[in-house]
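So the structure is just underneath, and the comments pick up after that.
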Amino acid sequence: MSKDLVVLALGGNALLRTGERGTFEEQVRNLQRVSGHIARLASRYKLVITHGNGPQVGNLYLQQEAFKEVPGMPLHACVAMTQSLIGYMVQQAVSSVDPSLKVAVLTTRVEVDAEDPAFKSPSKPIGPYYQESEVPRLLEKGWTLVNVPGKGWRRVVPSPRPKRIVELEVVKRLAGEVDIVVAVGGGGIPVVRSGKGYEGVDAVIDKDLASSLLAQELNAEKFVILTDVEGVYLDYGTPSQRLVEELCAREALELVNKGVFPRGSMGPKVEAAALYAAKTGKVAVIAHLDRMLEAVEGGSGTRVLPC
Numbered sequence: 001m002s003k004d005l006v007v008l009a010l011g012g013n014a015l016l017r018t019g020e021r022g023t024f025e026e027q028v029r030n031l032q033r034v035s036g037h038i039a040r041l042a043s044r045y046k047l048v049i050t051h052g053n054g055p056q057v058g059n060l061y062l063q064q065e066a067f068k069e070v071p072g073m074p075l076h077a078c079v080a081m082t083q084s085l086i087g088y089m090v091q092q093a094v095s096s097v098d099p100s101l102k103v104a105v106l107t108t109r110v111e112v113d114a115e116d117p118a119f120k121s122p123s124k125p126i127g128p129y130y131q132e133s134e135v136p137r138l139l140e141k142g143w144t145l146v147n148v149p150g151k152g153w154r155r156v157v158p159s160p161r162p163k164r165i166v167e168l169e170v171v172k173r174l175a176g177e178v179d180i181v182v183a184v185g186g187g188g189i190p191v192v193r194s195g196k197g198y199e200g201v202d203a204v205i206d207k208d209l210a211s212s213l214l215a216q217e218l219n220a221e222k223f224v225i226l227t228d229v230e231g232v233y234l235d236y237g238t239p240s241q242r243l244v245e246e247l248c249a250r251e252a253l254e255l256v257n258k259g260v261f262p263r264g265s266m267g268p269k270v271e272a273a274a275l276y277a278a279k280t281g282k283v284a285v286i287a288h289l290d291r292m293l294e295a296v297e298g299g300s301g302t303r304v305l306p307c
């Protein structure tokens, strides 16, 4: 009997925990904490795993700034580098539990619209904070900088919406041949159409929206977003906060549009889950990373329904 396909979107806490420096060993160790769950799921489902890469790209920028004798790489190339690095970490962690599992890591490009309004209003902060004295040098690079009171200046880049998974057919083929495919890391490498095919652009695609698009295009049976809270809360952070066990996709999108959920955290996750549910007619789940097994089986987190 063929296995159902599940897309798992790993949150940042799968790789880094609060207070950690971000060493290779720390990140693999954190992945090993959940790799047993991943291995168990791989015995029941075909898995496609996506992941974030914010801290890893930030560290690459710090390395490049610290050693200026070596030419720095553009942001889209840094995304590609972190896709490979984190994919390798997943391979190492999973094989430590079950060496027989076949894990493929795919460098994945995601097409965005060159006319996306986000390119005119960069808003996604990346990399370290800079001193005032460094600003002229950075502006010469064509960067957009914002002043964060009390911290310094920081680069912001566009965050366009994902339009198409360029390597979609490759993901489909791999999913039929191996146990686990790691793809669309960090939201994918952002590219736009050009006369030469595709051109990389310095931008950051929201990882949850890109993962949702992937799950939709794969017609995955389940789409599970794993994070560091139990699910979607209303009035989060207040004495009256309450976990929402079920949300209709239509209602979820209305709440997102009203700004009920923060843009930089839960908002994109709720939108991503709702878009998947509305497009496929299937259920998406937002749940805690440590409840991965229960989330896939529908016993934990917030279920976003196709209604």
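So the sequence shown is numbered by the UniProt record's numbering: it starts at 1 and just counts up by one.
Every residue gets a Cβ at the ideal spot worked out from N, C-alpha and C, and that includes glycine.
Keep in mind the model is a prediction, meaning the values are calculated, not measured.
List the DSSP bridge partners of W153. For this step, residue 153 is matched to residue 153 along the sequence shown. Partner(s): Y130 and N147.
Closest Cα partner of R137 within the set R155, T108, L253 and V204: Taking the sequence shown and counting its residues from 1, the one referred to as residue 137 is at position 137. Measuring from the Cα of R137, the nearest candidate turns out to be R155.
Given that a residue counts as buried once 16 or more other Cβ atoms are within 10 Å of its Cβ, and exposed if not, what is C78? For this step, residue 78 is matched to residue 78 along the sequence shown. Buried.
Ignore the nearest five residues each way along the sequence and tell me which others in E22's own chain have a CB closer than 7 angstroms to its CB. Your numbering for residue 22 matches position 22 in the sequence shown. Note that residue 22 is Gly in the sequence shown, not Glu. Contacts found: L16, P55 and N59.
When the distance is taken between beta carbons, is V94 closer than 8 angstroms to L101? Numbered from 1 along the sequence shown, position 101 holds the residue referred to as residue 101. Numbered from 1 along the sequence shown, position 94 holds the residue referred to as residue 94. It is a contact, given that the beta carbons lie within the stated cut-off.
Terminal residues of the continuous beta strand (DSSP E) containing S194? By one-based count along the sequence shown, residue 194 stands at place 194. Note, S194: beta strand (DSSP E), I189 to S194.
Rounded Cβ spacing between G185 and P162 (contact assumed at less than 8 angstroms): Position 185 of the sequence shown holds residue 185. Position 162 of the sequence shown holds residue 162. G185 to P162, Cβ: 13 angstroms. No contact.
Could you compute how far the alpha carbon of L255 sits from the alpha carbon of F261? If you number the sequence shown from 1, residue 255 lands on position 255. If you number the sequence shown from 1, residue 261 lands on position 261. Going by the C-alpha atoms only, they are around 7 angstroms apart.
From K282, G11, L247 and V192, pick the residue whose C-alpha is nearest to that of E111; which is it? In the sequence shown, residue 111 corresponds to position 111, counting from 1. Considering only alpha carbons, the answer is V192.
8 angstroms CB neighbourhood of residue 308 in its chain, flanking five on each side removed: The question about residue 308 has no answer here: the residues shown for the chain are numbered 1 through 307.
Which partner residues does G22 have in the DSSP bridge list? Start at 1 with the first residue of the sequence shown, and residue 22 comes out as number 22. Here G22 is not bridged, per DSSP, to any residue.
For L243, count neighbouring C-beta atoms within 10 Å of its own C-beta (all shown protein chains included) and say buried if the count is 16 or more, exposed if not. Against the sequence shown, residue 243 aligns to sequence position 243. Answer is exposed; the Cβ neighbour count stays below 16.
I think V276 touches S212, with their Cβ atoms under 8 angstroms apart; what is that distance to the nearest whole Å? Locating residue 276 in the sequence shown gives position 276, counting from the first residue. Locating residue 212 in the sequence shown gives position 212, counting from the first residue. The residue you asked about is not Val; residue 276 is Tyr in the sequence shown. Contact holds; Cβ gap of about 5 angstroms.
Run of the alpha helix (DSSP H) containing T280, from where it starts to where it stops: Along the sequence shown, one-based indexing puts residue 280 at 280. Here the alpha helix (DSSP H) through T280 covers M266 to T280.
Considering just the uninterrupted stretch of the alpha helix (DSSP H) at T82, what are its terminal residues? If you number the sequence shown from 1, residue 82 lands on position 82. Counting along the chain, the alpha helix (DSSP H) containing T82 begins and ends at L75 to V97.
Exposure label - Q27; buried when at least 16 CB within 10 Å: Position 27 of the sequence shown holds residue 27. Classification of Q27: buried, given that the 10 Å Cβ count is 16 or more.
Spatial neighbours of V148 within its chain, please: CB distance less than 6 angstroms, with the 5 preceding and 5 following residues excluded, ordered by chain position. Position 148 of the sequence shown, counted from the start, is the residue given in the question as residue 148. Excluding sequence neighbours, V148 sits near R154.
Can you find the residues in the same chain that come closer than 8 angstroms, C-beta to C-beta, to I225, ignoring five residues on each side of it along the sequence? In the sequence shown, counting from the first residue as 1, residue 225 sits at position 225. Here the set comprises A9, G11, D208, S211, K269, A272, A273, A284, V285, I286 and A287.
Whole angstroms are fine: how far does the CA of T144 sit from the CA of S123? By 1-based counting over the sequence shown, the position of residue 123 is 123. By 1-based counting over the sequence shown, the position of residue 144 is 144. Near 9 angstroms, if we compare the C-alpha coordinates of T144 and S123.
Rounded separation between V201 and F119 - CA only: Stepping through the sequence shown from its first residue, residue 201 is reached at position 201. Stepping through the sequence shown from its first residue, residue 119 is reached at position 119. One C-alpha to the other measures close to 10 angstroms.
Classify N53 as buried or exposed, calling it buried when 16 or more other Cβ atoms lie within 10 Å of its own Cβ. Here residue 53 refers to the residue found at position 53 when the sequence shown is read from its first residue. By the neighbour-count rule (16 or more Cβ atoms within 10 Å), N53 is buried.
At what residues does the beta strand (DSSP E) containing K222 begin and finish? To locate residue 222, count along the sequence shown from 1; it is residue 222. Its beta strand (DSSP E) spans residues K222 to T227.
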